[in-house]
Structures are given as structure tokens and as C-alpha cells.
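To start, the structure under review is shown below, and the notes come after it.
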Amino acid sequence: MSIDSRIGRNGLARRLRPGLAFVLAAIMLGCAANRPTQDELQAEWFPAEAGSRADTLLVLLPGARDPGDGFVREGVVELVQTHRPDWDVVVVDAHMGYYRQRSFVSLLEEGIIVPAREQGYSSLWLSGPSLGGFGSLLYLCAGDNEGVTGVIALAPHLGGRAILADIEQAGGPANWEAGTAGRDFERALWGCLRDGVDAEIWLGWGRSDRMDRGNRLLAELVPDDQVLVIDGGHRWPTWRQLWIELFERIPH
Numbered sequence: 000m001s002i003d004s005r006i007g008r009n010g011l012a013r014r015l016r017p018g019l020a021f022v023l024a025a026i027m028l029g030c031a032a033n034r035p036t037q038d039e040l041q042a043e044w045f046p047a048e049a050g051s052r053a054d055t056l057l058v059l060l061p062g063a064r065d066p067g068d069g070f071v072r073e074g075v076v077e078l079v080q081t082h083r084p085d086w087d088v089v090v091v092d093a094h095m096g097y098y099r100q101r102s103f104v105s106l107l108e109e110g111i112i113v114p115a116r117e118q119g120y121s122s123l124w125l126s127g128p129s130l131g132g133f134g135s136l137l138y139l140c141a142g143d144n145e146g147v148t149g150v151i152a153l154a155p156h157l158g159g160r161a162i163l164a165d166i167e168q169a170g171g172p173a174n175w176e177a178g179t180a181g182r183d184f185e186r187a188l189w190g191c192l193r194d195g196v197d198a199e200i201w202l203g204w205g206r207s208d209r210m211d212r213g214n215r216l217l218a219e220l221v222p223d224d225q226v227l228v229i230d231g232g233h234r235w236p237t238w239r240q241l242w243i244e245l246f247e248r249i250p251h
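Numbering follows numbering that gives the first Met the number 0, with no gaps: position 135 of the sequence shown is 134.
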């Protein structure tokens with residue numbers, strides 16, 4: 000599906016880009032470091048087999064406080080290689096600075112997604128915890144998602160109290176209509192997710208996770224067998240276990 004036709008289906012989606020800088024700085028940053036950006040996203044590739052290309056590529060996007068190499072340090076790349084040995088992996092250092100300057104979607108598209116399609120990958124997956132989960136969903140709504148098979152979003156940030164309360168009061172996201180509650184980018188993202196995206200969404204989080212409220216709302220839009228809730232909080236051990244169990248569910 001072309002970018003123009005997706006905009007026609009959901010005109011809100013492209014409004015996501017302008018509001019990102021302010022909103023994410025206010026909501027998600029906390030004490031995260033202010034790192035400089037570059038003209039392109041830095042990435043490290045891990046082929047399933049040296050010297051060859053797999054059919055599927057997994058794009059890993061980091062959380063707000065984690066550099067891209069956190070996926071190596073925390074054993075996630077090794078985990079993927081164990082549970083999806085026929086998938087190539089690319090770890091992308093898409094830190095908060097790129098969201099602040101509103102360049103995340105375009106740089107991911109130009110530097111990772113389009114080249115991956117040109118290299119011949121028949122299936123693309125996006126995944127990440129927290130900010131990385133949000134970024135994965137954002138790309139489905141605001142990027143050229145042709146060729147993106149699915150997203151594995153772990154405890155994604157999905158908005159502040161106002162927008163979540165508004166959705167709850169409407170009886171859930173399927174019944175919700177955007178009003179004045181929340182910020183523009185939050186309303187746009189939820190409108191896109193409510194209307195549906197052209198890729199699978201697999202969602203997981205820990206029962207003690209601070210993102211539980213928004214994740215439970217999103218789960219109403221996702222098939223039950225694509226949602227996983229386990230014991231744990233907003234931390235790497237929980238996310239590793241979620242990846243393991245979701246990889247067991249996702250068809251090869």
C-alpha cells in the first residue's frame with residue numbers, strides 16, 4: 000500500500016511527526032542523557048549466517064535510556080539467534096534525540112527499511128522495549144511500512160493519563176473518538192491503531208510494568224493469541240522472557 004493511500008485511510012497518521020519533539024521530551028525522558036544526533040542512524044548488523052542474507056530481518060530499537068549496544072550487552076541478539084536462527088538482526092541506535100528532532104521515522108525509513116527491501120528481505124519485523132516499542136508502532140503509522148510483516152512491542156509507552164482516561168471513558172479504543180484530551184501525537188497514534196495497520200502487532204508486558212494501563216487498552220485491538228502478560232516490571236529480565244515466549248508463538 001502506498002503512503003498516499005494510507006494517509007487517505009487515516010489522515011491523522013502523518014500528524015505524528017510534528018508533535019514528537021515536545022511530547023516525548025515531556026513524557027518519557029526523565030533523566031535520560033541528551034545525546035547528539037547524526038545525519039543517519041548508526042546500526043550494527045548481525046547476519047544469521049556469515050556472508051549470506053536471510054529472508055527475514057529483525058530491526059531492534061532501544062528504550063529511552065539504552066544505547067543501541069544494549070541489545071548485545073543484555074543478550075537479546077544472542078536470544079534472537081537462538082530462537083530465530085534463520086533471522087538476520089540489525090541493532091539501530093535510535094535514541095531519544097532523533098525523536099526530539101522529529102527525524103526518527105524518515106531516518107529509519109531511508110537508512111534501514113528501504114535498503115533492507117532493496118537487499119531482498121521478504122519479511123521485516125520491528126521490535127523494542129518501552130521507547131523502542133513505541134517507535135515500532137509509530138513507524139507502522141507514520142512510515143512507509145511496505146514489507147513490514149509485524150511488530151513485537153514490549154511495554155510500549157502509549158500516552159499520558161489524559162488520553163488513556165479518555166479512551167477508558169469511551170469504553171475502550173474501538174469506541175473512542177479523538178476529542179481534546181491528550182496531545183495531538185497521542186490522539187493521532189491511537190486513531191491509527193484503532194483504525195488498523197497493515198502489519199501484525201504482537202504485544203507483551205509485565206504485570207508490574209508502569210506501562211500496564213496503556214498496554215491493556217492496546218491489547219483490546221490485538222488478537223488475544225498475540226498478547227502476552229507475564230510477571231515482572233519495566234526491566235530487561237522481563238523483556239527477555241517476553242521475547243522468548245513470543246518467539247515461540249510467532250509462526251516461522
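The beta-carbon is built from N, C-alpha and C at its ideal position, and this holds for glycine as well.
Output the distance between the C-alpha atoms of residue i and residue j, rounded to the nearest integer angstrom.
{"i": "Asn-33", "j": "Trp-242", "result": "28 Å"}
{"i": "Asp-197", "j": "Ser-121", "result": "15 Å"}
{"i": "Asp-92", "j": "Arg-101", "result": "15 Å"}
{"i": "Glu-108", "j": "Cys-191", "result": "19 Å"}
{"i": "Asp-211", "j": "Arg-52", "result": "37 Å"}
{"i": "Ile-229", "j": "Ser-207", "result": "9 Å"}
{"i": "Asp-224", "j": "Glu-244", "result": "12 Å"}
{"i": "Leu-139", "j": "Trp-238", "result": "21 Å"}
{"i": "Glu-176", "j": "Thr-81", "result": "43 Å"}
{"i": "Gly-213", "j": "Glu-219", "result": "10 Å"}
{"i": "Pro-250", "j": "Val-226", "result": "14 Å"}
{"i": "Asn-144", "j": "Pro-114", "result": "13 Å"}
{"i": "Ile-112", "j": "Val-71", "result": "21 Å"}
{"i": "Asp-65", "j": "Leu-137", "result": "19 Å"}
Excluding the 5 residues preceding and the 5 following residue i in the sequence, name in chain order all residues of the same chain whose CB lies nearer than 6 Å to its CB.
{"i": "Glu-73", "result": "Trp-235"}
{"i": "Glu-185", "result": "Gly-158, Ile-162"}
{"i": "Leu-216", "result": "Ile-166, Pro-172"}
{"i": "Ala-180", "result": "Ala-161, Ile-162, Asp-165"}
Using a 10 Å radius around the Cβ and a threshold of 16 neighbouring Cβ atoms, would you call residue i buried or exposed?
{"i": "Asn-174", "result": "exposed"}
{"i": "Gly-178", "result": "exposed"}
{"i": "Asp-165", "result": "buried"}
{"i": "His-156", "result": "buried"}
{"i": "Gly-119", "result": "exposed"}
{"i": "Ala-25", "result": "Residue confidence for Ala-25 is low, a pLDDT of 40 falling below 50, so the modelled location carries little weight and cannot support an answer."}
{"i": "Arg-193", "result": "buried"}
Checking 8 Å against the spacing of the C-beta atoms, do residue i and residue j come in under that value?
{"i": "Asp-85", "j": "Ala-47", "result": "yes"}
{"i": "Arg-209", "j": "His-233", "result": "yes"}
{"i": "Val-79", "j": "Ala-42", "result": "no"}
{"i": "Arg-83", "j": "Phe-246", "result": "yes"}
{"i": "Gly-110", "j": "Glu-167", "result": "no"}
{"i": "Gly-231", "j": "Gly-195", "result": "no"}
Roughly how far, in whole angstroms, is the beta-carbon of residue i from the beta-carbon of residue j, given that I think they are within contact range, below 8 Å?
{"i": "Trp-189", "j": "Ile-151", "result": "Contact doesn't hold; Cβ gap of about 20 Å is too wide."}
{"i": "Phe-45", "j": "Val-76", "result": "5 Å"}
{"i": "Gly-142", "j": "Val-104", "result": "5 Å"}
{"i": "Arg-116", "j": "Gly-69", "result": "At roughly 26 Å, the Cβ-Cβ gap does not stay under 8 Å, so Arg-116 and Gly-69 are not in contact."}
Could you name the residues of the same chain whose beta carbon sits closer than 7 Å to that of residue i, not counting the 5 residues immediately before and after it, in chain order?
{"i": "Gly-170", "result": "none"}
{"i": "Val-88", "result": "Phe-45, Leu-57, Leu-59, Val-76, Val-79"}
{"i": "Val-221", "result": "Ile-200, Leu-202"}
{"i": "Leu-106", "result": "Glu-39, Leu-40, Tyr-97"}
Which same chain residues, not among the five before or five after residue i, have their C-beta less than 8 Å away from its C-beta?
{"i": "Ser-126", "result": "Leu-57, Val-58, Leu-59, Leu-60, Gly-132, Ser-135, Val-150, Ile-151, Ala-152, Leu-153, Trp-242"}
{"i": "Gly-96", "result": "Asn-33, Arg-34, Pro-35, Thr-36"}
{"i": "Thr-148", "result": "Thr-55, Ser-122, Leu-123, Trp-124, Ala-198, Glu-199"}
{"i": "Gln-240", "result": "Ile-229, Gly-231"}
Compute the minimum distance between the beta carbon of residue i and the heavy atoms of the ligand MG, and state whether it is under 7 Å.
{"i": "Ser-129", "result": "No copy of the ligand MG occurs in the structure displayed, which carries no ligand at all."}
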